[in-house]
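These protein sequences, in sequence, are chains A and B. Start counting the first sequence at 552; every next residue gets the next number (our numbering). Start counting the second sequence at 552; every next residue gets the next number (our numbering).
Protein chains: 2
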Amino acid sequence: MDLTNTCNSEHRQRLRIADIARMTGVSAGTVDRVLHNRGRVSDEKRKKIETVIDQVDFRPNVFARSLSIKKEMRFVALIPAVEAGGYWEYIKNGIDKAQREISDHGIVIEYYYYDQYDTQSFVMATEQILSTPPDAVIFSPEFIEESAAFAGKLEQKNIPCVLVDSNVETIPCVAYYGQHSLKSGYTAAQLLFTGLPQNSTVVLTRAVRPGGAASNQAIRREKGFMQYVDEHNLRRKYHIVRIDLCSNNTTKNLRALRNVMASHPPVAGAVIFSSKVYWLIENLVKVGLAGIKTIGYDELQRNVEALKAGHVSYLIAQRPEMQGYLVVKELLKHLVYKQPTHRTNYVPVDILTGEIVDEYVQFNRRLNE
Amino acid sequence: MDLTNTCNSEHRQRLRIADIARMTGVSAGTVDRVLHNRGRVSDEKRKKIETVIDQVDFRPNVFARSLSIKKEMRFVALIPAVEAGGYWEYIKNGIDKAQREISDHGIVIEYYYYDQYDTQSFVMATEQILSTPPDAVIFSPEFIEESAAFAGKLEQKNIPCVLVDSNVETIPCVAYYGQHSLKSGYTAAQLLFTGLPQNSTVVLTRAVRPGGAASNQAIRREKGFMQYVDEHNLRRKYHIVRIDLCSNNTTKNLRALRNVMASHPPVAGAVIFSSKVYWLIENLVKVGLAGIKTIGYDELQRNVEALKAGHVSYLIAQRPEMQGYLVVKELLKHLVYKQPTHRTNYVPVDILTGEIVDEYVQFNRRLNE
DNA sequence: TTTTAAATTGTGTACGCACACACTTTTATA
DNA sequence: TATAAAAGTGTGTGCGTACACAATTTAAAA
Numbered sequence: 552m553d554l555t556n557t558c559n560s561e562h563r564q565r566l567r568i569a570d571i572a573r574m575t576g577v578s579a580g581t582v583d584r585v586l587h588n589r590g591r592v593s594d595e596k597r598k599k600i601e602t603v604i605d606q607v608d609f610r611p612n613v614f615a616r617s618l619s620i621k622k623e624m625r626f627v628a629l630i631p632a633v634e635a636g637g638y639w640e641y642i643k644n645g646i647d648k649a650q651r652e653i654s655d656h657g658i659v660i661e662y663y664y665y666d667q668y669d670t671q672s673f674v675m676a677t678e679q680i681l682s683t684p685p686d687a688v689i690f691s692p693e694f695i696e697e698s699a700a701f702a703g704k705l706e707q708k709n710i711p712c713v714l715v716d717s718n719v720e721t722i723p724c725v726a727y728y729g730q731h732s733l734k735s736g737y738t739a740a741q742l743l744f745t746g747l748p749q750n751s752t753v754v755l756t757r758a759v760r761p762g763g764a765a766s767n768q769a770i771r772r773e774k775g776f777m778q779y780v781d782e783h784n785l786r787r788k789y790h791i792v793r794i795d796l797c798s799n800n801t802t803k804n805l806r807a808l809r810n811v812m813a814s815h816p817p818v819a820g821a822v823i824f825s826s827k828v829y830w831l832i833e834n835l836v837k838v839g840l841a842g843i844k845t846i847g848y849d850e851l852q853r854n855v856e857a858l859k860a861g862h863v864s865y866l867i868a869q870r871p872e873m874q875g876y877l878v879v880k881e882l883l884k885h886l887v888y889k890q891p892t893h894r895t896n897y898v899p900v901d902i903l904t905g906e907i908v909d910e911y912v913q914f915n916r917r918l919n920e
Numbered sequence: 552m553d554l555t556n557t558c559n560s561e562h563r564q565r566l567r568i569a570d571i572a573r574m575t576g577v578s579a580g581t582v583d584r585v586l587h588n589r590g591r592v593s594d595e596k597r598k599k600i601e602t603v604i605d606q607v608d609f610r611p612n613v614f615a616r617s618l619s620i621k622k623e624m625r626f627v628a629l630i631p632a633v634e635a636g637g638y639w640e641y642i643k644n645g646i647d648k649a650q651r652e653i654s655d656h657g658i659v660i661e662y663y664y665y666d667q668y669d670t671q672s673f674v675m676a677t678e679q680i681l682s683t684p685p686d687a688v689i690f691s692p693e694f695i696e697e698s699a700a701f702a703g704k705l706e707q708k709n710i711p712c713v714l715v716d717s718n719v720e721t722i723p724c725v726a727y728y729g730q731h732s733l734k735s736g737y738t739a740a741q742l743l744f745t746g747l748p749q750n751s752t753v754v755l756t757r758a759v760r761p762g763g764a765a766s767n768q769a770i771r772r773e774k775g776f777m778q779y780v781d782e783h784n785l786r787r788k789y790h791i792v793r794i795d796l797c798s799n800n801t802t803k804n805l806r807a808l809r810n811v812m813a814s815h816p817p818v819a820g821a822v823i824f825s826s827k828v829y830w831l832i833e834n835l836v837k838v839g840l841a842g843i844k845t846i847g848y849d850e851l852q853r854n855v856e857a858l859k860a861g862h863v864s865y866l867i868a869q870r871p872e873m874q875g876y877l878v879v880k881e882l883l884k885h886l887v888y889k890q891p892t893h894r895t896n897y898v899p900v901d902i903l904t905g906e907i908v909d910e911y912v913q914f915n916r917r918l919n920e
């Protein structure tokens, strides 16, 4: 191992536009035009300046840049009405953090809320938004067709948008941040079945909307889950039963669970493909299924409590604050700094246990301060 | 659900120091003095200004602030000599990212390297650093006593420092970022034993330095691992054997493994408490132990390959780039922005499988761009 | 060649904060 | 009361970039 040249100094003073100008014998204005591809520069000087720029690896001072760019803009975030302690509150926190950072640019974010279980409320909100067109939109394409229609109208008006949480590949947007639902479902299965006694019953649950439809995400997670099941031939080893739970009908839910128990071998595992495991646990307890291996999603405070108490075996998390935060920052990158962005960005599938969840939550919280 | 007031506008124009000054009938300079607690302001005006400041929740424009603060400073990062594809390369990447961001402040980071397996090289580097005192130091207290001595000297000279990766509670520093080793070891055990056939043998390995000492981290991880074992009474159900592997003596390593195999029931699981599982796998393969359940640490590229190929069951990761990055940012917070910092910051214990590792790696990479 | 238009280049100011310095008022000292 | 010191307050400039606009040069048209 060579440790002789142990000290790798780099005392090069930061160069400024004025320095580049002097080095190339032009004025700062000309360099500026080259930097921003604004034309109005002779080929000869442009080339000369470009050469110097990447020869000395010139990068403008971001602070000065940010300061002088004043873009009075209005972003709109269209998200499900946040309930305290619910999933969307986390995403909103991330958006709020980004908002705080970019407010110095003169950018403002307005929230529009809709009812997650009511397509109409979504459509109405989109119309309201379009009636006073903002400079950019952040939303989640939960309702696929309505979202596509909305995106189309935004495109017509040349209003860029970003997608958060849920993805629809066909929607053109600046960026999407969210979890790879299929893989997160696959992972749920992997965690659930590892070490689970054979010939037992596993209950898959989805929280459905009163209308009867499961969410985009939940459907894909289940698909990923079943992919694992089939890849490992588990249908022969386990009794896999799916039931839909309806948030507003406890009696029916309990009946469904009791039905499963009556007509199958002992239940050894359960999973829910939406964010309220703590609620599933409550139901399981009521029918005498406390203590079975259970897996759920998202680090909601009540989920975390259930995890630490041992009622939930694993939580699969997806950094919602990060999603909200990054989605706004991508918009900034696109609109203000005019840098290229990636369309599809997957957030990691985070596996949490009762022992490590505290650090996870605290870390995220501090990052989002 | 109330969606009537669906639009939560916030059009309040950002206030500037000059605005605060006008609102309180003083000059900008006076407001500035209050903002920075620089005294030289009459009690009467100070109170008035303070009232207004938090009444309107005034926050200085960060861009202007950053631009006008010019702190020509020199930070020193003292880390193990990075080998390509090794763990410390990731930490260095994080530090480098922070460096890029803060270079606009006029801050420069110099690297000093030492040999991870040679205490003397560490001590020599610390002496070299102290002979040209920097404004702050980043290092990892791998060698406990020598690090404490170094920290003491830094404190004498009033040079703040931050710790990365490894922690020594008694060292006073601005901040520490790293993983909770005990919990990560505990988690490794949890993952390894879940579903593992009883009465089989489990091999714990540590990569030891030629001198014979295991690293700080490795020792604590093992402790956490054994804590899980004891809490679940697994010593009765499994044969748990520990062996030390020495990087420069393959023959000896293979002999040790063969010994274990000869004198115990079939080996069903293995874990290594340092970052090179891929290397452990190579050894396992050589003695005919391919295919057993194996757990290792860190998302080194070769580890990731082994994970995706199915040779490693789980990797436990710790966001090294994030550690390097955040540690520098904390220094900045302390020295430049004079904001309070947290002493001990745990990075999450990330559990990776072959299916989800790609998204994890790519996400980290993009964050670090 | 003169006039006009187009292309190219330079200059100056705003962005909002931090800080040095100058200036004014009050208080202490002779 | 005069003088010095201290306390309090205001003004001005620099940080580096972006961009509008003025100034200059070159090309095109008359």
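Note that the Cβ used here is the ideal one computed from N, Cα and C, for glycine as well.
- Taking C-alpha positions only, A/Leu-586 is separated from B/Ala-868 by approximately 40 Å.
- Per the coordinates, the alpha-carbon of B/Lys-704 lies some 13 Å from the alpha-carbon of B/Ala-676.
- What B/Ile-902 touches in chain A, judged by beta-carbon distance under 7 Å, is Ile-902, going in chain order.
- Closest in alpha carbon position to A/Leu-918, among B/Gln-874, B/Ala-702 and B/Glu-920, is B/Gln-874.
- For B/His-885, the enclosing alpha helix (DSSP H) has its first and last residue at 871-886.
- Within the same chain, Cβ atoms closer than 8 Å to the Cβ of B/Pro-631 are found at Trp-639, Tyr-664, Tyr-665, Asp-666, Gln-667, Ser-691 and Glu-693, the five residues on either side in sequence being excluded.
- When DSSP states are grouped into helix, strand and coil, B/Ile-867 belongs to the strand group.
- The Cβ-Cβ distance between B/Asn-854 and B/Leu-835 does not fall below 9 Å.
- With respect to the 9 Å criterion, B/Val-822 and B/Leu-840 are not classified as neighbours on the basis of their beta carbons.
- The secondary-structure analysis by DSSP pairs B/Ile-791 across a beta bridge with B/Val-753.
- By a beta-carbon distance limit of 8 Å, A/Val-878 does not contact A/Gly-847. Their separation comes to about 24 Å.
- No Cβ-Cβ contact shorter than 9 Å links B/Tyr-728 with B/Gln-778.
- A buried status is given to B/Ser-766, since no fewer than 16 other beta-carbon atoms sit within 10 Å of its beta-carbon.
- Within the region 716-751 of chain B, the complete beta strand (DSSP E) runs of at least 3 residues fall at 726-730.
- Of all residues in the region 725-753 of chain B, the ones placed with a Cβ closer than 7 Å to any Cβ belonging to chain A are His-731, Lys-734, Tyr-737, Thr-738, Gln-741, Thr-745 and Gly-746, in chain order.
- The beta carbon of B/Gln-741 is closer than 8 Å to those of Tyr-779 in its chain, skipping five residues each way along the sequence.
- In the structure shown, the three-state DSSP call for A/Val-759 is strand.
- Straight-line spacing of the CA atoms in B/Ala-764 and B/Ser-732 works out to 17 Å.
- Interface flag for A/Leu-840 against chain B is unset, since no Cβ pair is found closer than 9 Å.
- Within the region 563-632 of chain B, the complete alpha helix (DSSP H) runs of at least 4 residues fall at 568-575, 579-586, 594-606 and 613-619.
- Look at the beta carbons and you see the region 637-654 of chain A not touching the region 699-714 of chain A: under three pairs across the two are nearer than 8 Å.
- Using a Cβ-Cβ cut-off of 9 Å, A/Gly-820 does not count as an interface residue toward chain B, since no Cβ of chain B sits closer than that to its own.
- Among the bridge pairs identified by DSSP, A/Val-659 is matched with A/Arg-625.
- Looking at the DSSP output, B/Asp-901 shares a beta bridge with B/Ala-868.
- DSSP places B/Lys-844 inside the beta strand (DSSP E), whose first and last residues are 844-848.
- By the criterion of a C-beta distance shorter than 8 Å, A/Pro-611 is surrounded in its chain by Ile-568 and Leu-586, once the five residues flanking it on both sides are discounted.
- Among the residues facing chain B, A/Arg-760 is not included, as its CB has no counterpart in that chain under 9 Å away.
- Here A/Val-719 is actually not in contact with B/Glu-910; their C-beta atoms are around 19 Å apart, not less than 8 Å.
- Counting only residues of its own chain and dropping the five nearest sequence neighbours on each side, A/Leu-566 has a CB closer than 8 Å to the CB of Val-607 and Phe-609.
- DSSP lists no beta-bridge partner residue for B/Gly-703.
- With respect to chain A, the C-beta atom of B/Val-674 has no partner C-beta closer than 9 Å.
- At the C-beta level, B/Gly-576 and B/Pro-871 stay beyond 9 Å of one another.
- Excluding its 5 nearest sequence neighbours in each direction, B/Arg-786 has C-beta neighbours in its own chain below 7 Å: Val-780, listed in chain order.
- Contact check for A/Gly-905 against A/Val-863 passes: the beta carbons are separated by less than 9 Å.
- Under the 8 Å Cβ criterion, the region 753-763 of chain A counts as touching the region 788-797 of chain A, having at least three qualifying pairs.
- By the CB criterion at 9 Å, A/Ile-620 and A/Val-887 fall inside the cutoff.
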